[in-house]
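A.B. asks: Respectively, the protein sequence lines represent chains Y and A. As numbered in my numbering, residues 1 to 901 make up the first sequence, in order. As numbered in my numbering, residues 1 to 103 make up the second sequence, in order.
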Amino acid sequence: MRWLERIFRGSHLDEELAEEVQEHIEERTEQIMRLENLSRDEARQIALRAFGNPTLVKTRSREVWEWQRLDALAADFKLVARRLSRSPGFAASVLLTLSIGIGANTAVFSVVNSVLLKPLPYPQPDRLVTLSLQAPGAAGLASFRDGLLLSPSMYLTFAEHNRAFESLGVWSAGTANLTGIGQPKEVHVITVSNGLLETLAVPALAGRWLNADDQKPNASKSVMIGYGFWQRQFGGQRSVIGKTIRLDTQSWQIVGIMPRGFRVVDSEFDILRPSPASFDPHHQIMEGFAWNGVGRLKDGVSIRQADADISSLIPVWMDSWSDGPNSNSHFFDAWRIAGSLKPLKQQVVGGIGGVLWLVMGTIGMVMLIVCTNVANLLLVRADSRQQELAVRAALGAGRGRIARELIFESLALGVVGGVGGIAVAYAALRCLSSVGPVNLPRLSEISLSPESLGFTAGLAVFSGLFFGSIVSLKYSHIAPGAGLRVSSRTASAGRDRHRSQNVLVVAQVAMALVLLVCAGLMMRSFAVLLNTEPGFADAEHLQTMRVAILPSIASDAVAVTRMQNEIADKLAQLPGVSSVGYAADVPMDGFEPNWNSIFVQGRDPWGAKSTLPMRLFNYTSPRYFSTMGSRMIAGREFTWDDVYNQRPVVILSENLARELFGSAGAAVGKQITYFEPMPWHQIIGVVEDARHNGVDAPAPACVYWPTMSANLYGPEPLDAVRGVTFVARSQRAGSQSLTQEMQQAVWQVNGDLPVSGLRNMHEIESRSLERISFTLTMIGIAAAMALALGVIGIYGVISYTVSQRMREMGIRIALGAQKSQLRWMFVRTALQLTGVGLIIGFGVAAGVVQLMRSLLFGVRPLDPLSFGVMTIVLMMAAVLASYLPASRVARINPADVLKAE
Amino acid sequence: MMILESLRRQPAHGYALVQHIQQRSKNILQVEEGSLYPALQRLLKGKMVKAEWTVSSTTNRRVRVYQITKSGLQHLEQEMSSFDRMLEGIQMVLGPARRASSN
């Protein structure tokens with residue numbers, strides 16, 4: 001850092017040299033005075049002559065130390081800083097615009113980088129794939145987001161016979177009840193097979209991984225815990241290894257802790273546990289397609305090869321396992337199962353990729369507008385400096401020297417704007433991670449990384465060069481004669497002087513239109529979604545609460561149902577609660593629903609079809625639909641009588657009733673079932689469709705069963721759904737007092753019952769709107785910025801033109817021109833520019849909106865309303881932006897203007 | 001080189017150095033006194049001399065005294081030997097010829 005030291009020592013050095021030279025001359029003078037008896041002045045003359053030019057000596061001495069170029073740069077920078085500080089308004093507006101533009105871009109880039117570009121936090125992440133399957137023959141199942149999941153028997157087959165993978169494993173996320181530490185609570189548990197940890201290959205922070213021994217049928221029960229759970233529950237003490245915890249009334253020993261930030265693919269967890277029962281090869285059936293698979297490819301194996309490998313193992317799977325005697329395991333041939341492996345990252349990132357690139361694109365476009373705007377401001381400034389530049393050119397400044405200075409000024413603006421941009425981006429990211437959409441994957445990984453800072457630096461320099469070169473191209477080759485002549489006082493502005501400004505305005509208008517149209521389309525989609533019937537009403541006044549009743553608390557199905565009934569009654573007695581019901585799943589809460597096919601009495605279920613369509617199964621209590629505010633289209637809801645008397649009754653969704661029976665009314669009274677030994681169930685009601693998978697996804701065909709039914713699998717005669725979500729309708733929904741009272745009500749029934757999922761239904765509903773509202777917000781901000789910048793651009797150009805043509809206007813008025821005519825002249829110029837910009841913008845927008853087709857809902861990309869309204873908005877903005885400066889013409893007093901000349 | 005040689009004999013400030021060189025060369029070398037300073041700065045930058053402000057005992061002035069450093073000494077020796085060799089070479093080329101022409 002010596003050069004740095006030198007720069008700072010610069011002035012000190014100067015003083016020392018000056019003193020030294022001064023002393024030298026003094027000493028010499030005195031000597032001459034002594035030796036030759038001359039007067040001080042004469043002696044001084046001689047001494048100076050002998051010494052040479054002191055200034056030159058000092059300069060030469062200084063040069064020894066200087067890094068000349070740097071000093072020249074510093075001088076340029078000083079010059080720029082001085083010039084900018086003389087027009088603080090200009091500097092502030094340029095720097096603010098640039099900071100916001102660069103900051104917004106940096107923030108979005110950071111998100112894109114962390115979510116899409118950065119590799120997953122596992123060793124060699126490019127070799128990780130998700131083992132998803134496609135099953136075009138299994139209608140209903142195949143509509144799942146992730147294709148067909150794996151069954152344990154599939155996993156066993158794949159693990160044993162595959163040739164493409166180094167290792168593979170499966171996992172499934174769920175919850176369990178943690179008891180014995182404080183209040184009973186629900187914790188997030190991920191059940192893993194053998195091989196999963198080896199595949200992800202992240203070493204344990206302390207202790208050991210779960211291993212093959214832990215998966216053996218009579219192994220001691222071992223679990224690993226996650227970092228967050230370790231910190232929260234045990235204060236980060238290492239001695240926790242070896243301790244036992246109680247999960248679902250069983251004791252498990254903690255054998256290891258996973259490090260901070262480790263997630264199983266995209267899922268956070270408290271506890272990782274093995275499941276000897278699930279993967280016992282002696283007790284397996286074909287089904288149980290509930291496991292997410294992850295595999296680590298062998299070196300050099302492509303996804304296509306692995307796909308083929310998995311597909312070839314499907315027949316092996318069908319040959320190896322069976323659902324019991326008399327069952328045909330080749331039934332699954334009809335499902336046409338095949339491998340559909342995807343890079344793991346694709347699963348983690350999901351559908352957010354398209355959204356993020358779109359947002360990046362729009363923000364990038366705003367940056368372009370920012371640059372053209374700054375270029376415009378600089379052009380205006382350079383124009384007013386034209387005379388100065390021309391004089392400098394006349395005095396011999398080279399074209400390069402002038403260009404360098406202009407570009408340097410822009411670069412300095414860009415760099416300072418970039419520094420401001422980092423501050424803006426930092427604030428924006430802080431804001432994003434605190435209020436950001438919960439379903440943005442890898443949200444916790446988002447940060448201002450070195451890559452982001454590099455991006456900022458690149459963007460700052462690029463934008464500086466971009467608008468700098470526009471200005472310097474125009475002004476560096478100024479011919480001294482022309483420059484001096486044009487700015488002479490009597491001429492009015494020439495046409496070519498405004499050409500580049502006009503081009504910039506046209507570009508701005510075009511880009512602004514594109515962004516506005518995108519925002520318009522998103523707004524329309526959002527409006528359509530908000531008006532969509534979700535299948536329940538008045539979500540703000542619905543409070544949900546999840547309660548699971550373990551076998552240790554209530555062993556048989558009737559006891560479970562009575563307990564649920566009691567909880568529902570207790571909840572209904574709370575002040576302000578008007579109605580209570582419960583169901584296995586409430587719409588949009590993200591629980592994996594149950595799917596199966598049904599048979600209608602008296603019909604050949606197969607017909608010409610080789611497979612049966614899959615229906616969503618849900619289990620509901622009496623009063624559930626009336627609590628939710630779902631309309632009964634026909635028939636009635638379940639009653640407690642139906643439940644306790646085991647009446648075989650069922651309710652269908654409207655779309656399913658129409659599909660099977662033509663109309664809702666026709667369905668009531670008909671009989672359906674879904675499994676051979678199950679009795680025929682009578683349809684007693686048809687309820688309106690519920691958008692189970694989110695407001696923007698179509699409502700699935702739904703079958704609603706009572707929560708207690710005949711047990712078809714086990715020794716017990718009856719089976720009841722043990723984990724249910726209670727829904728209470730109340731004006732107090734969402735309030736702390738209500739949620740506390742609800743928990744107390746549950747604990748009055750039984751103090752060991754774990755409670756979770758206390759949420760307002762509105763919260764659940766808006767979460768399903770998050771993706772589109774996030775996109776809408778981002779594009780809306782971008783479009784608003786574009787519109788504002790466009791208006792400023794038009795305003796600037798017209799305002800500048802007006803001020804340049806004051807003289808001409810004065811003469812025109814003096815000769816009898818109407819002020820309104822003159823005003824219209826300027827507005828017309830603005831409208832012409834806007835018109836050209838709109839035409840270009842239309843073309844570009846028509847192309848761009850095709851890219852966002854997948855984000856739109858209930859609105860066509862070429863939506864005439866969006867295009868029309870946004871065109872009018874821009875036109876009106878243009879009129880306003882030009883009318884204001886143009887009306888200055890009206891204030892012209894011709895005598896004053898001409899006198900001022 | 002001359003500066004270094006002078007400083008090797010004793011540390012001095014700028015004015016004294018000029019005096020010393022002029023005396024030693026018996027005023028044959030008439031250079032602008034000022035040209036000494038850029039040269040001194042170059043030596044400072046190359047760390048061949050170091051400088052210190054003191055008050056001169058004779059004139060009672062604040063002066064900057066230069067002192068040769070270790071690397072300055074090394075440099076001087078190198079330069080001297082290569083200069084000697086160069087001088088020798090020049091003399092070998094010019095010497096006989098001059099003798100021949102004078103004969």
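Even glycine gets a Cβ: it sits at the ideal position worked out from N, Cα and C.
List the residues of chain Y that GLU117/A touches, going by C-beta distances under 8 Å, in chain order.
C.D. replies: Outside the modelled stretch of chain A, which goes from 1 to 103, sits residue 117/A, for which no answer is possible.
A.B. asks: Is it buried or exposed, ASN37/Y, if we count other Cβ atoms within 10 angstroms and call 16 or more buried?
C.D. replies: So ASN37/Y counts as exposed.
A.B. asks: Compute the Euclidean distance between the alpha carbons of LEU515/Y and LYS474/Y, then round it to the nearest angstrom.
C.D. replies: Roughly 29 Å between the two C-alpha positions.
A.B. asks: Please confirm if PRO45/A has its CB atom under 8 Å from at least one CB of chain Y.
C.D. replies: A small correction: the amino acid at residue 45/A is Lys; Pro does not occupy that position in the sequence shown. Chain Y, which has a Cβ nearer than 8 Å to the Cβ of LYS45/A, makes this yes.
A.B. asks: Hey, SER578/Y and SER730/Y are a contact pair by Cβ (cut 8 Å); roughly how many whole angstroms apart?
C.D. replies: Their Cβ separation, rounded to whole angstroms, is 7 Å, which keeps SER578/Y and SER730/Y in contact under 8 Å.
A.B. asks: Find out if the Cβ-Cβ distance for the pair ALA733/Y, GLN573/Y is shorter than 8 Å.
C.D. replies: No, they are not a contact pair.
A.B. asks: In this structure, what does DSSP give as the bridge partners for HIS188/Y?
C.D. replies: HIS188/Y is bridged to THR175/Y.
A.B. asks: Excluding the five sequence neighbours on either side, which residues of its own chain have a C-beta within less than 6 Å of the C-beta of GLY790/Y, listed in chain order?
C.D. replies: Excluding residues within five positions, the ones whose Cβ falls inside 6 Å are GLN508, VAL509 and ALA512.
A.B. asks: Measure how close the beta-carbons of LEU297/Y and ARG127/Y come, nearest whole angstrom, since I'm counting them as under 8 Å.
C.D. replies: That pair is a contact at about 5 Å.
A.B. asks: In chain order, what residues of the same chain lie with their CB nearer than 8 Å to the CB of ILE363/Y, ignoring the 5 residues before and after it?
C.D. replies: Contacts found: ALA104, ASN105, VAL108, MET778 and ALA782.
A.B. asks: LEU344/Y and VAL294/Y - do their beta-carbons sit closer together than 8 Å?
C.D. replies: Yes, the Cβ-Cβ distance between VAL294/Y and LEU344/Y is below 8 Å.
A.B. asks: Bridge partners for SER653/Y per DSSP, in chain order?
C.D. replies: According to DSSP, SER653/Y bridges with VAL687/Y.
A.B. asks: Give the DSSP-derived three-state secondary structure of PRO38/A in the structure shown.
C.D. replies: Three-state DSSP puts PRO38/A in a helix.
A.B. asks: Find out if the Cβ-Cβ distance for the pair ILE190/Y, TRP171/Y is shorter than 8 Å.
C.D. replies: Yes, the Cβ-Cβ distance between ILE190/Y and TRP171/Y is below 8 Å.
A.B. asks: Candidates TRP705/Y, ARG260/Y, MET154/Y and PHE408/Y: which alpha carbon is nearest LEU168/Y's?
C.D. replies: Of the candidates TRP705/Y, ARG260/Y, MET154/Y and PHE408/Y, the one whose C-alpha sits nearest the C-alpha of LEU168/Y is MET154/Y.
A.B. asks: Quick one: what does DSSP say VAL269/Y is sitting in, helix, strand or coil?
C.D. replies: For the sequence presented, residue 269/Y should be read as Phe rather than Val. Coil, per DSSP.
A.B. asks: Grab me the residues of GLU654/Y's own chain with a C-beta within less than 6 Å of its C-beta, minus the 5 sequence neighbours each way, in chain order.
C.D. replies: Cβ within range, chain order: ILE633, ALA664, VAL686, GLU688 and ASP689.
A.B. asks: Would the C-beta of VAL18/A count as close to the ligand GDP, meaning under 7 Å from any of its heavy atoms?
C.D. replies: Only the bare structure without any ligand can be found here, which leaves the ligand GDP out of the picture.
A.B. asks: How many Å lie between PRO706/Y and ALA277/Y at the Cα?
C.D. replies: Cα-Cα distance, rounded: 29 Å.
A.B. asks: Smallest Cα separation from LEU120/Y: which of GLN346/Y, GLY236/Y, ILE310/Y and ALA164/Y?
C.D. replies: When only C-alpha atoms are compared, the closest one is GLN346/Y.
A.B. asks: Determine the DSSP secondary structure at LYS50/A, reduced to helix, strand or coil.
C.D. replies: Of the three classes helix, strand and coil, the one that applies to LYS50/A here is strand, per DSSP.
A.B. asks: In the DSSP assignment, find the unbroken beta strand (DSSP E) run with SER578/Y in it and report its ends.
C.D. replies: Its beta strand (DSSP E) spans residues 577-583.
A.B. asks: Nearest to ILE407/Y by CA position, among MET809/Y, LEU156/Y and PHE77/Y, is which residue?
C.D. replies: Among MET809/Y, LEU156/Y and PHE77/Y, the Cα nearest to that of ILE407/Y belongs to PHE77/Y.
A.B. asks: Please classify TRP53/A as buried or exposed, where buried requires at least 16 other C-beta atoms within 10 Å of its C-beta.
C.D. replies: With fewer than 16 Cβ atoms within 10 Å of its Cβ, TRP53/A is classed as exposed.
A.B. asks: At least one CB of chain A closer than 8 Å to the CB of PRO123/Y: is that the case?
C.D. replies: PRO123/Y does not count as touching chain A.
A.B. asks: For GLU10/A, does the three-state DSSP call read helix, strand or coil?
C.D. replies: This sequence places Gln at residue 10/A; Glu is not what is there. In this structure, GLN10/A counts as coil in the three-state DSSP scheme.
A.B. asks: Please list, in chain order, the chain A residues whose beta carbon lies closer than 8 Å to that of ARG28/Y.
C.D. replies: Residues of chain A passing the Cβ test: TYR15 and GLU33.
A.B. asks: Taking only the alpha-carbon atoms, compute the straight-line gap between ARG85/A and GLY72/A and give it to the nearest angstrom.
C.D. replies: If you take the alpha carbons of ARG85/A and GLY72/A, they lie about 20 Å apart.
A.B. asks: When the Cα atoms are used, what is the spatial distance from LEU87/A to MET1/A?
C.D. replies: Their Cα atoms are separated by approximately 14 Å.
A.B. asks: Closer than 6 Å by C-beta to PRO894/Y: which residues in its own chain qualify, once you throw out the five before and the five after it? Chain order, please.
C.D. replies: Closer than 6 Å at the Cβ level, and outside the excluded window around PRO894/Y, lie GLY810, ILE813 and ALA814.
A.B. asks: Given 8 Å as the limit, is there contact between the stretch 398-406 of chain Y and the stretch 458-475 of chain Y, that is, 3 or more CB pairs closer than that?
C.D. replies: Touching, per the Cβ criterion.
A.B. asks: Quick one: list the residues of chain Y neighbouring ARG61/A, beta-carbon separation under 8 Å, in chain order.
C.D. replies: By Cβ distance, chain Y contributes GLU23, GLU26 and GLU27.
A.B. asks: Kindly indicate the opening and closing residues of the beta strand (DSSP E) around ARG260/Y.
C.D. replies: From DSSP, ARG260/Y is part of no beta strand (DSSP E); its letter is neither H nor E.
A.B. asks: Apart from the five residues just before and just after ARG145/Y, which ones in its own chain have a Cβ nearer than 6 Å to its Cβ?
C.D. replies: The predicted position of ARG145/Y is uncertain, since its pLDDT is 49 and thus under 50; a value taken from the coordinates is nonetheless stated next. Result list for ARG145/Y: empty, nothing under 6 Å.
A.B. asks: In the structure shown, what three-state DSSP assignment does SER552/Y receive?
C.D. replies: Coil, per DSSP.
A.B. asks: Identify the contact partners of ARG42/A in chain Y, using a Cβ-Cβ distance below 8 Å as the criterion.
C.D. replies: Those are VAL64, listed as they occur along chain Y.
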